[in-house]
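Reading through the structure tokens given below for one structure.
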Amino acid sequence: MAHRLSAVFVTIWILHGILPSIYFDHIISPTTGSITCASKSTTYHLYYTYGYVLILVGILPASITVLFGSLAYFNVRQLAHRTLPLVRRQLDKQLTTMVLLQVISNFFAIVPPLITMILLLQSNLIKDPVIIAQVQLANYVNYTFYYFYFASPFYIYICVSQRFRQQFIHVIFGVHLKRWRRPKVMANQVLPET
164 MAHRLSAVFV
174 TIWILHGILP
184 SIYFDHIISP
194 TTGSITCASK
204 STTYHLYYTY
214 GYVLILVGIL
224 PASITVLFGS
234 LAYFNVRQLA
244 HRTLPLVRRQ
254 LDKQLTTMVL
264 LQVISNFFAI
274 VPPLITMILL
284 LQSNLIKDPV
294 IIAQVQLANY
304 VNYTFYYFYF
314 ASPFYIYICV
324 SQRFRQQFIH
334 VIFGVHLKRW
344 RRPKVMANQV
354 LPET
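Using our numbering, the first residue of the sequence shown is number 164, and each one after it goes up by one.
Shown next as structure tokens:
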């Protein structure tokens, strides 16, 4: 089953990656004379706006993280009714806290860039160039927060999980720092003659 699902998703993403090479052309700007790569196809523009930006980049990741975050939360709430060792219960609570913080940070990292991108893609509805410039500025600012989506798990895990902090300190100082330390050189010793 996993092989079939993998084959299906690889095929879908290959087809998804082929679309820009089909629909994009070299276009010469009439005002500047420079060549740009853009799409003239309204079908591709609709797919990119609603299929890619809205669904694949925005709604799908946010909804999946909210769904599984809420499932993890309800799972941990039911842990009080089970007879589990205290250490296991504490680890499950830590994991749930990490997942919930991850869901919140993902939501605030994905939704604002999604909104400004939709506004920019529908720029034919906005005629005022000042408003378009303001939306572009908001889009650039929001994309700096979008990159927090990729960096936030590390900082969330460091702040929330004591075990993760201990493991991180062990790996950084116990493993990697020892590798870069100079080996201690013994004082000059003479080899005994035999």
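Using N, Cα and C, we set each Cβ at its ideal position, and we do this for glycine too. Predicted model, so just to flag it, every value in this text is computed and none were measured.
Please say whether residue j and residue i have beta carbons closer to each other than 9 angstroms?
| i | j | result |
| --- | --- | --- |
| residue 318 | residue 276 | no |
| residue 210 | residue 182 | yes |
| residue 266 | residue 228 | yes |
| residue 281 | residue 289 | no |
| residue 264 | residue 220 | no |
| residue 271 | residue 327 | no |
| residue 212 | residue 325 | no |
| residue 235 | residue 262 | yes |
Pull up the DSSP beta-bridge partners for residue i, would you.
| i | result |
| --- | --- |
| residue 201 | 188 |
By Cβ distance below 7 angstroms, which residues in the same chain neighbour residue i in space, the five residues on each side in sequence not counted?
| i | result |
| --- | --- |
| residue 256 | 239 |
| residue 233 | none |
| residue 301 | 279 |
| residue 207 | 182 and 186 |
| residue 283 | 298, 299 and 302 |
| residue 179 | none |
Write down the C-beta distance between residue i and residue j rounded to the nearest angstrom, noting that I regard them as a contact closer than 8 angstroms.
| i | j | result |
| --- | --- | --- |
| residue 226 | residue 268 | That pair is no contact at about 15 angstroms. |
| residue 273 | residue 224 | 6 angstroms |
Give me, in chain order, the residues of the same chain whose beta-carbon lies closer than 6 angstroms to that of residue i; leave out the 5 immediate sequence neighbours on both sides.
| i | result |
| --- | --- |
| residue 311 | 272 |
Under 8 angstroms Cβ to Cβ from residue i, same chain only, skipping five residues before and after it: list those, please.
| i | result |
| --- | --- |
| residue 259 | 235, 236, 238 and 239 |
**Report entry** Complete runs of the alpha helix (DSSP H) confined to the segment 244-303 [at least 4 residues]
**Finding:** For the segment 244-303, whole alpha helix (DSSP H) runs of length 4 or above, ordered along the chain, are 249-284.
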